[in-house]
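S.K.: Quick note: the sequence shown uses the UniProt record's numbering, first residue 1, plus one each step. Note that beta-carbon positions come from the ideal geometry of N, C-alpha and C, so glycine has one too. Below are the structure tokens for one structure; questions will follow.
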Amino acid sequence: MKALILVGGYGTRLRPLTLTHPKPIVEFCNKPMLLHQIEALVELGTRITFSYETEAMGTAGPIALAREWLLNDDSPFFVLNSDIICDFPFRDLIKFHLGHGREGSILVSVSHYCYL
1 MKALILVGGY
11 GTRLRPLTLT
21 HPKPIVEFCN
31 KPMLLHQIEA
41 LVELGTRITF
51 SYETEAMGTA
61 GPIALAREWL
71 LNDDSPFFVL
81 NSDIICDFPF
91 RDLIKFHLGH
101 GREGSILVSV
111 SHYCYL
């Protein structure tokens, strides 16, 4: 299993918490947001590694940089934003994705919160 967690942005909607801490390490339920994702991925058997951008590249940049690694075999992979907190149904997502035989799958959710 492979996953790419996109860790970036300024965290403006989480201010004042992000004035002193980067958004991914703001705590939720007594641990950093990013750790929730890492633990869920490790439970699946995902090996953890990281890379560092010397300049902000948006969303597509890190995916392009990881392209060779993500596509080096036929296994599915996840691309996650580091500030998403949920009970990730990774096993169900893999089963769904493999079952429909298409190139990709996207997990979305309805939000009733209006970003200003």
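#1: With distances taken Cα to Cα, identify the nearest neighbour of Gly8 among Tyr52, Leu107, Val42, Arg15.
#2: Can we say the segment 75–87 touches the segment 33–48, given the rule of at least three CB pairs closer than 8 Å?
#3: Per DSSP, Leu80 forms a beta bridge with which residues?
#4: Please report how far the alpha carbon of Ser12 lies from the alpha carbon of Pro62, in whole angstroms.
#5: Going by the beta-carbon positions, is the gap between Leu41 and Ala3 smaller than 7 Å?
#6: Could you check if Lys31 is buried or exposed, using at least 16 other CB atoms within 10 Å of its CB as the buried criterion?
#7: In the DSSP assignment, find the alpha helix (DSSP H) that holds Arg102 and state where it starts and stops.
#8: Just to confirm my understanding: we take Phe28, look at its own chain, exclude 5 residues before and 5 after, and list those with CB closer than 8 Å. What are they?
#9: My guess is that Ile5 and Leu80 are in contact by the Cβ rule of under 8 Å, so how many angstroms apart are they, rounded?
#10: Reducing DSSP to helix, strand and coil, say where Pro16 ends up.
#11: Please name the residue or residues paired with Phe28 in a DSSP beta bridge.
M.R.: Taking the geometry as given:
#1: Tyr52
#2: yes
#3: Ile5
#4: Ser is not the amino acid found at residue 12; the sequence shown has Thr there. Between Thr12 and Pro62, the C-alpha separation is close to 21 Å.
#5: yes
#6: Exposed.
#7: Unbroken run through Arg102: none, as it is neither H nor E.
#8: His36, Ile85
#9: 5 Å
#10: coil
#11: Partner(s): Lys31.
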